[in-house]
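In what follows, a structure is listed as structure tokens, so that the remarks can point back to it.
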Amino acid sequence: MKIKLLLAVFLAIIILLCGCVNIVDPLPDRHSKIPADAVKMTPENDSFPPQLHSDEYEYPIPMSGPINTAGAEDSAFFPCCDNETLYFFFTPDVRVPVEEQLTDEVTGIYVTHKVDGEWEEPVRVLLQDRDKLALDGCPFILDDIMWFCTAREGYTGIHWFTAEYKNGKWTNWKESDFNPEFLVGELHFTADGTELYYHSNRSGGKGVRDIWMLKKVDGEWQGPINIEAVNSEEDESMPYITSDGEELWFNRKYLGTPAVYRSRKLNGSWQEPELIISQFAGEPTLDSNGNIYFVHHFYKDNEMIEADIYVAYKK
Numbered sequence: 000m001k002i003k004l005l006l007a008v009f010l011a012i013i014i015l016l017c018g019c020v021n022i023v024d025p026l027p028d029r030h031s032k033i034p035a036d037a038v039k040m041t042p043e044n045d046s047f048p049p050q051l052h053s054d055e056y057e058y059p060i061p062m063s064g065p066i067n068t069a070g071a072e073d074s075a076f077f078p079c080c081d082n083e084t085l086y087f088f089f090t091p092d093v094r095v096p097v098e099e100q101l102t103d104e105v106t107g108i109y110v111t112h113k114v115d116g117e118w119e120e121p122v123r124v125l126l127q128d129r130d131k132l133a134l135d136g137c138p139f140i141l142d143d144i145m146w147f148c149t150a151r152e153g154y155t156g157i158h159w160f161t162a163e164y165k166n167g168k169w170t171n172w173k174e175s176d177f178n179p180e181f182l183v184g185e186l187h188f189t190a191d192g193t194e195l196y197y198h199s200n201r202s203g204g205k206g207v208r209d210i211w212m213l214k215k216v217d218g219e220w221q222g223p224i225n226i227e228a229v230n231s232e233e234d235e236s237m238p239y240i241t242s243d244g245e246e247l248w249f250n251r252k253y254l255g256t257p258a259v260y261r262s263r264k265l266n267g268s269w270q271e272p273e274l275i276i277s278q279f280a281g282e283p284t285l286d287s288n289g290n291i292y293f294v295h296h297f298y299k300d301n302e303m304i305e306a307d308i309y310v311a312y313k314k
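Here you go:
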């Protein structure tokens, strides 16, 4: 007992002198934070399954492997031309407020890799020191740079940060050079990095939120330009640009719930959008084979139960 007491006093002195303790414990397993009463939804018990409106794709199904849980998987993203690396956002319990997600040590961005045709168990992508609080999401990756939105200690509100992939991990996270005064959601760049698409409720739009674009000219962002061809009096959000820059995928409500739409570029101009998948289908992303991945939210009695990542394979 005396030895333990001396160790405790010594540790307290160290804390007073350096102001911190180096955390060496591994991150908690995300499954351990999912509450015992969480319900794992399946297509069989889904009251509002996705509805397919295109004959180009197979009917949407949940992703295979260990990705989906009874928690919430969201914001799926494939880096350009990489079909074997998937990033997404996870939180263990959709019922808890954001301030509790901030401190649970598992809510955040995850990555999984496909090995021998099977997805591996996802792991957390740390974008902040363990002794600092941060809630990170909406990842976008171009080459070796990740853009992500974050609410973190020392900052007020939501900010856009970048991180650099070096020596097998994401590091050098810092505030990006794009943090406008108006609300911005879901940044997506074209593959050449010259056009930046995002959604915002900024003034001058056509609806609740619109999709906008900035163009880089001589190293400087010019704009913003309202993508009038796809915007309406409804709510357009979550833009995704294919690697060739010829397709713009996004969300718009259809019959009261989020749906996935696509606009194609013809002679340099975006065309009238077409409905692809409806009924709680959000945040589309594509792999290089043209398969559509999106988040499907499960609802019952007007309450969200959980969320999974679904895929509609191209025929």
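The end of the sequence shown is residue 314 by numbering that gives the first Met the number 0, with every number in the run present. Quick reminder that beta carbons are idealized off the backbone N, C-alpha and C, glycines included.
Here Glu-174 is near Phe-160, since their CB atoms are less than 7 Å apart.
A distance below 7 Å separates the beta carbons of Ser-231 and Gly-206. Pro-138 places its beta carbon 7 Å or farther from that of Tyr-56.
Each residue's CA atom was taken as its position, placing Glu-194 and Ala-280 some 26 Å apart.
Beta bridge pairing from DSSP links Phe-297 with Glu-305. Non-local beta-carbon contacts of Pro-42 in its own chain, meaning distances under 8 Å to residues more than five positions away in sequence, involve Pro-48, Ile-60 and Pro-61 in chain order.
Under the three-state reduction of DSSP, Gln-270 is assigned to coil, being neither helix nor strand.
Shown here, Glu-98 sits in a helix according to DSSP, grouped into three states. Per the coordinates, the alpha-carbon of Asp-73 lies some 8 Å from the alpha-carbon of Phe-293.
If you draw a straight line from the Cα of Gln-50 to the Cα of Ile-276, it is about 6 Å long. Between the beta-carbon of His-112 and that of Glu-104 there is about 22 Å, and that puts the pair past the 8 Å contact cut.
By DSSP's assignment, Cys-148 forms a beta bridge with Gly-136 and Trp-159. With respect to Val-124, Trp-169 sits close: the two C-beta atoms are nearer than 7 Å. Straight-line measurement puts the Cα of Asn-266 at about 42 Å from the Cα of Val-122. By the Cβ neighbour-count rule, Phe-181 is exposed, with fewer than 16 other Cβ atoms within 10 Å of its own.
For the segment 154 to 216, the continuous beta strand (DSSP E) assignments of 3+ residues that do not extend past its boundaries occur at 158 to 165, 168 to 174, 184 to 188, 194 to 199 and 209 to 216, in sequence order. Residue environment for Asp-300: exposed (fewer than 16 other C-beta atoms within 10 angstroms of its C-beta). Annotation for Asp-135: Gly-107, Ile-108, Leu-126, Phe-147 and Thr-149 place their beta carbon closer than 6 Å to its own, counting only its chain and skipping 5 residues before and after. In terms of Cβ geometry, Arg-263 and Gln-270 form a close pair [threshold 7 Å]. Looking only at Ile-144, Glu-185 and His-295, the smallest Cα-Cα distance to His-158 is reached by Glu-185. Here DSSP, grouped into helix, strand and coil, assigns Pro-42 to helix. Partner residues in the beta bridge of Lys-113, as assigned by DSSP, are Trp-118. Taking 7 Å as the cut-off, the Cβ atoms of Ser-236 and Asn-250 count as close. By the neighbour-count definition (other C-beta atoms within 10 Å, threshold 16), Arg-94 is an exposed residue. Lys-131 carries a coil assignment under DSSP once its states are collapsed to helix, strand and coil.
Annotated as distal: Ile-240 and Tyr-197, with beta-carbon spacing of 7 Å or more. Note that the C-beta distance between His-295 and Tyr-309 is below 7 Å. Contact annotation: Val-183 and Ser-199 have beta-carbon atoms nearer than 7 Å. Cβ contact annotation for Pro-272 (same chain, cutoff 6 Å, sequence separation greater than five): Val-229, Tyr-260 and Ser-262, in chain order.
If the five residues before and after Pro-34 are omitted, its C-beta is found closer than 6 Å to the C-beta atoms of Asp-92, all from its own chain and listed in chain order. The Cβ neighbour count for Met-145, taken over all protein chains shown within 10 Å, is at least 16; the residue is labelled buried.
Rounded to whole angstroms, Gly-167 and Gly-289 show a C-alpha spacing of 27 Å.
Arg-151 and Pro-96 have their alpha carbons spaced roughly 16 Å apart.
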